[in-house]
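Engineer:
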Amino acid sequence: MTYPEPVEGRSLLEGLNPAQREAVEHVDGPLLIVAGPGSGKTRVITHRIAYLVQEYGVTPYSILAMTFTNKAAREMRDRLNRLVGSHSDALTVGTFHSFCARLLRREGERVGLPRNYSIFDDDDQMSAIRHCLEEADYDPKRYPPRAVLATISKAKSVLQDSQTMAQHAVGDYFEEVCARVYRHYEELLARNGAADFDDLLLRTAQLFREFPEVLQAYQHRYNYLMVDEFQDTNIAQYRISQMLARSHQNFCVVGDPDQSIYSWRSADVRNILNFKSDNPRARVISLGQNYRSTSNILNAAKGLIATNGQRLDNDLFTENTVGLPVQLHEAYTDDEEADSVIAEIGRLSREQGFKLGDCAVLYRVNAQSRALEEACLSQGMKYRLVGGTRFYQRKEIKDLAAYLRLLYNPQDDVNLSRIINVPPRGIGAKSIQQLGEWAAYRESSMYEGMREIAASHAARQSCPAPLATRAVSSVARFVEAMARLMAFSQEVEVVKLVDLVLEESGLRKHIQDSDDRPEERWENVLAFRALAQEFNAETPPDGLGSLLERTALVSQVDEYEEAEDSLTLITLHQAKGLEFPVVFIVGLEEGLLPHSRSMDSEAQLEEERRLCYVGMTRAQQRLYLLRAFRRGFRNGTGGGPAVASRFLREIPEDLVASADLGPSRAVSPPTPGRGSSIRAAVLANAAASAAPPSGPSLRVGDLVRHRAFGEGIVTAYNPSASDDEVTVEFAGGVGVKRLLLSFAPLEKLDD
DNA sequence: TAGCGACTGGTTTTT
DNA sequence: CCAGTCGCTA
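572 is the number that this note's numbering gives to position 591 of the first sequence; each next residue is one higher, with no gaps.
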């Protein structure tokens, strides 16, 4: 086999700094790349892969690259397409979950997973857990399904099965209960021929452990292994990658402990911290130069993260311009905070040449998006909300998908239960319960049981199951329709199947006749149908399988496309890996950032700090930090005065400037106590530490130019002990601003 | 069984 | 404030 002539590998090294180049040129043996924010990480990974292929003749077929999100995978593949050309098709690039899902599709039967296994998403897991709680006779009030599921999931992510979990749980009653529920859950998954998210990893690890020949085959195939965002891997992922790399040791991991923000999802930073000791031959390369942010922004972020105790020191630096100070705005309420942000973005786009697409507002919790959305609406600004209710989580989509999943895997009782009465066909909760119990008793799936009921109904025999006569004929009709569809699912292309399902199930009519925004929901269905189109080419049952895998493993950020020019609203977590010229972080208050649920341990607090750090380092040119004195929690109730986030105090003061963005500066703060003192402190310190400008002494009536606000006229001048304050009326709709003379980039104009 | 209204409880981040 | 659950009635 020959590979394209990259002609000169030089070009792949061109424009790289020494550390980047070293990483690209490292070929054999374990390698840890510690990549700070904006240090050209993706470039290094892609160039390294291209370098392997072009300089060392490594076949792309033997390279496996794992990423954290599908979006990252797609981006990597796009870049590789450009670097390596058409041969990049042979590369394996994907998330851990999708890699494992596909692997299990081929090999899973050895660990008891049928070829057509279902992937259970959150909803499925929750219903399954509820069912298991009932089976095990535990009160869901005492043992909230969410918490139970979370505990089980945690155990799974450290590769524990229910038995191991039970051993570890001794003495902790709640965990003991969870371990018992876990056992039921395992059985349920097996009965349903299903795997949940954690299983994709757990089962793959199990498969590798129990079937060395399978592991060997994959080791043999994948000679070069790369893992991105290594700080976010959990134990299962770590184990899988270590096993894969064991024979050849060509194991390159990339990450940054300071950006580890997923420990709540069982990510374990120790994976990256211990990489060196786990792989003694490992080379460690730090990418220290930041190409993204102004030095003010970078230094502010560095100052914040330096507060963390548990940390490898990294020497992040930049040669970029100094830029403006980080802008701090303190609003009175969350609504005003949102208004200020949106107004400022409008101003930036009108006067500073930024596009809306250059701007992003980052927040800790999704609930904060609401005020921002309202502000956008009232000020007529185009925005894009990342997250919220996911596309695949909408009822109409989930229902349609549930039908398809049942067709693909008739053993799947969970999805059967979901749609058996959607649209209503007279098989209510009671009947479902009875069917479930009867099926369990006969040790068959519900669908199998229903087929028998339908058969005896057709033969005019009495119903073998204890079921209301009224339900029996409904069941028969349902089975009849599903049987037809199942036959089709083996024959027709996916889109055709989707259409048939929509008709035969009555779902189309159900949605279109519904009185809850039928046209919008139908639009969603059509969008799903368009997605299905992508899998039309695959031979019948496979296309369906791929479509379902895609719907199960896709995330919200994946749907995010920088398409039309609009402002991005996004959570801090989701913003990881993105960058924007202008970034606003809102809600810098105790209890929100850091979040109240993460304040009882130092470790959690440090993670919150890293989260803030991640947010700040998304910014290229401008960074705004905002807080409100009062945040309405439940519109009226609660909403006491909010204390400024400790993180604000941890950012070096000389890098921060107070920005007066508010549309309403006439009002005085409702609670002058603690809140405003921080602001006063920031102002005072900023003034004290900034070198007093020899600059212009101004008088009322002088014309001035401000770097950001443009031209204006001085309308008031208040000398004071620490600093002089000027009031300037700016042109172009900017309005009146009060500025500190030592601080504001003001330039006096001669008339 | 379905559909409605009342009530409760609870809220981080997501592959 | 919301969703999701519960209990009642037709």
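Where is the CB? At the ideal position from N, CA and C, for every residue including glycine.
Tell me whether glycine 38 is buried or exposed, calling it buried when 16 or more other Cβ atoms sit within 10 Å of its Cβ.
Structural biologist: Indexing the first sequence from 1 puts residue 38 at position 57. So glycine 38 counts as exposed.
Engineer: Would glutamate 90 be called buried (16 or more neighbouring beta carbons within 10 Å of its own) or exposed?
Structural biologist: Residue mapping note: residue 90 aligns to position 109 of the first sequence, counting from 1. Classification of glutamate 90: exposed, given that the 10 Å Cβ count is below 16.
Engineer: To test your reading of the DSSP string, which unbroken beta strand (DSSP E) runs of 3 or more residues are found completely within the stretch 143 to 192?
Structural biologist: Entirely contained in the stretch 143 to 192, the beta strand (DSSP E) runs reaching 3 residues are, in chain order, 175 to 177.
Engineer: With a threshold of 16 other CB atoms inside 10 Å of the CB of lysine 363, please say whether the residue is buried or exposed.
Structural biologist: For this step, residue 363 is matched to residue 382 along the first sequence. Burial call: exposed.
Engineer: Just reading off the alpha helix (DSSP H) that isoleucine 14 is part of, what are its end residues?
Structural biologist: The count along the first sequence starts at 1 and reaches residue 14 at position 33. Not the alpha helix (DSSP H): isoleucine 14 falls in the beta strand (DSSP E), residues 12 to 16.
Engineer: Excluding the 5 residues flanking alanine 352 on each side, which residues of the same chain have their C-beta closer than 8 Å to its C-beta?
Structural biologist: Indexing the first sequence from 1 puts residue 352 at position 371. Cβ within range, chain order: Asp315, Asp316, Glu318 and Ala319.
Engineer: Hey, out of Gln360, Leu225, Phe459 and Ile44, whose CA is closest to threonine 73's CA?
Structural biologist: Stepping through the first sequence from its first residue, residue 73 is reached at position 92. Checked all of Gln360, Leu225, Phe459 and Ile44; the closest Cα to threonine 73 is Ile44.
Engineer: In its own chain, which residues sit with a C-beta less than 8 Å from the C-beta of methionine 146, not counting the 5 before and 5 after it?
Structural biologist: In the first sequence, residue 146 corresponds to position 165, counting from 1. Ile133, Ala136, Glu156, Cys159, Ala160 and Tyr163.
Engineer: Should histidine 78 be labelled buried (16 or more other beta-carbon atoms within 10 Å of its own) or exposed?
Structural biologist: For this step, residue 78 is matched to residue 97 along the first sequence. Per the 10 Å Cβ criterion, buried.
Engineer: Can alanine 600 and serine 274 be called in contact, C-beta distance under 7 Å?
Structural biologist: As a first step, residue 600 must be located in the first sequence, where it is residue number 619. As a first step, residue 274 must be located in the first sequence, where it is residue number 293. Contact flag set, yes.
Engineer: Mind pulling the alpha helix (DSSP H) runs of 4 or more residues that sit fully within the stretch 467 to 539?
Structural biologist: If we require 4 residues or more, the alpha helix (DSSP H) runs fully inside the stretch 467 to 539 come out as 475 to 485, 488 to 494, 499 to 514 and 521 to 534.
Engineer: If leucine 604 and valine 567 are in contact, beta carbons under 8 Å, what's the gap, nearest whole angstrom?
Structural biologist: Here the question's residue 604 lines up with position 623 in the first sequence. Here the question's residue 567 lines up with position 586 in the first sequence. About 12 Å separates the two Cβ atoms, so there is no contact after all.
Engineer: Tell me which same chain residues have a C-beta within less than 7 Å of the C-beta of leucine 478, skipping the five on either side of it?
Structural biologist: Stepping through the first sequence from its first residue, residue 478 is reached at position 497. Excluding residues within five positions, the ones whose Cβ falls inside 7 Å are Phe469, Ser470 and Leu525.
Engineer: Which residues mark the beginning and the end of the beta strand (DSSP E) in which tyrosine 272 is found?
Structural biologist: Position 291 of the first sequence holds residue 272. Looking at the DSSP string, tyrosine 272 is not in any beta strand (DSSP E), and its letter there is neither H nor E.
Engineer: Work out the CA separation of serine 228 and proline 11 for me, nearest whole Å.
Structural biologist: Position 30 of the first sequence, counting from 1, holds the residue named residue 11. Position 247 of the first sequence, counting from 1, holds the residue named residue 228. When rounded, the distance between both Cα atoms is 12 Å.
Engineer: Within 10 angstroms of its Cβ, does alanine 669 collect 16 or more other Cβ (buried), or is it exposed?
Structural biologist: Within the first sequence, numbered from 1, the residue matching residue 669 stands at position 688. Low local confidence applies: a pLDDT of 28 at alanine 669 is under 50, so the model's placement there is unreliable, with the coordinate-based value given in what follows. Exposed, because fewer than 16 other Cβ atoms sit within 10 Å of the Cβ of alanine 669.
Engineer: Which stretch, first to last residue, makes up the alpha helix (DSSP H) that contains threonine 27?
Structural biologist: Sequence index remark: in the first sequence, residue 27 carries index 46 (1-based). It spans 22 to 37 - the alpha helix (DSSP H) in which threonine 27 sits, taken as one unbroken run.
Engineer: Select from Glu3, Thr50, Val65 and Asn51 the residue whose C-alpha is nearest the C-alpha of threonine 27.
Structural biologist: Working through the first sequence from its first residue, we reach residue 27 at position 46. Residue Val65 is the option with its Cα nearest to threonine 27.
Engineer: Could you tell me whether the stretch 410 to 418 touches the stretch 448 to 468, using the rule of 3 or more Cβ pairs below 8 Å?
Structural biologist: Judged by Cβ distances under 8 Å, the stretch 410 to 418 makes contact with the stretch 448 to 468, as three or more pairs qualify.
Engineer: Per DSSP, what kind of secondary structure is glycine 407 in: helix, strand or coil?
Structural biologist: Translated into positions along the first sequence, residue 407 becomes position 426. Residue state, collapsed to three classes: coil.
Engineer: Indicate the three-state DSSP secondary structure (helix, strand or coil) for arginine 423 in the structure shown.
Structural biologist: Reading the first sequence from its first residue, position 442 is the one you call residue 423. Note: arginine 423 maps to helix in three-state DSSP.
Engineer: Measuring alpha carbon to alpha carbon, tell me which residue in Asn(-2), Leu569 and Met580 is nearest histidine 310.
Structural biologist: Along the first sequence, read from residue 1 onward, the residue named residue 310 stands at position 329. Per the Cα distances, Leu569.
Engineer: At which residues does the alpha helix (DSSP H) containing cysteine 357 begin and terminate?
Structural biologist: Here the question's residue 357 lines up with position 376 in the first sequence. From DSSP, the alpha helix (DSSP H) with cysteine 357 extends over 350 to 360.
Engineer: What are the boundary residues of the alpha helix (DSSP H) that includes tyrosine 219?
Structural biologist: Within the first sequence, numbered from 1, the residue matching residue 219 stands at position 238. Run containing tyrosine 219: 216 to 226, per the alpha helix (DSSP H) assignment.
Engineer: List the endpoints of the continuous beta strand (DSSP E) containing leucine 381.
Structural biologist: Residue mapping note: residue 381 aligns to position 400 of the first sequence, counting from 1. Per DSSP, leucine 381 belongs to no beta strand (DSSP E); it is in the alpha helix (DSSP H), 376 to 389.
Engineer: On a CA-only basis, which of Tyr154, Asn173, Glu355 and Thr299 is nearest tyrosine 124? Give me that one, please.
Structural biologist: Here residue 124 is taken as the residue at index 143 of the first sequence, counted from 1. Checking every option, the nearest Cα to that of tyrosine 124 belongs to Tyr154.
Engineer: Under the rule that 16 or more other beta-carbon atoms within 10 Å means buried, what is histidine 201, buried or exposed?
Structural biologist: In the first sequence, counting from the first residue as 1, residue 201 sits at position 220. Exposed, because fewer than 16 other Cβ atoms sit within 10 Å of the Cβ of histidine 201.
Engineer: Is it true that the CB of methionine 47 sits closer than 7 Å to the CB of valine 195?
Structural biologist: By 1-based counting over the first sequence, the position of residue 195 is 214. By 1-based counting over the first sequence, the position of residue 47 is 66. Not closer than 7 Å, so no.
Engineer: Would you report the Cα separation of alanine 665 and lysine 122, rounded to the nearest angstrom?
Structural biologist: On the first sequence, position 684 is the one that residue 665 refers to. On the first sequence, position 141 is the one that residue 122 refers to. Residue confidence is low: alanine 665 scores 32 on pLDDT, short of 50, so the model does not pin down where it sits. Its coordinate-derived value is still stated next. In a straight line, the C-alpha of alanine 665 is about 53 Å away from that of lysine 122.
Engineer: Could you check what DSSP says for valine 564 in three-state terms: helix, strand or coil?
Structural biologist: Position 583 of the first sequence, counted from the first residue, corresponds to residue 564. Strand, per DSSP.
Engineer: So the alpha helix (DSSP H) isoleucine 286 belongs to, where does it begin and stop?
Structural biologist: The residue you call residue 286 lines up with position 305 of the first sequence. Unbroken alpha helix (DSSP H) run through isoleucine 286: 276 to 286.
Engineer: Residues in its own chain within less than 7 Å of glycine -4 by CB, not counting five upstream and five downstream?
Structural biologist: On the first sequence, residue -4 is found 15 positions in, with the first residue counted as 1. Taken in chain order, the list of residues that qualify is empty.
Engineer: For the putative contact between aspartate 9 and asparagine 289, defined by C-beta atoms under 8 Å, what is the C-beta separation to the nearest angstrom?
Structural biologist: As a working note, residue 9 is residue 28 in the first sequence. As a working note, residue 289 is residue 308 in the first sequence. At roughly 34 Å, the Cβ-Cβ gap does not stay under 8 Å, so aspartate 9 and asparagine 289 are not in contact.
Engineer: With 16 other CB atoms within 10 Å as the buried threshold, where does valine 265 fall?
Structural biologist: Working through the first sequence from its first residue, we reach residue 265 at position 284. Classification of valine 265: exposed, given that the 10 Å Cβ count is below 16.
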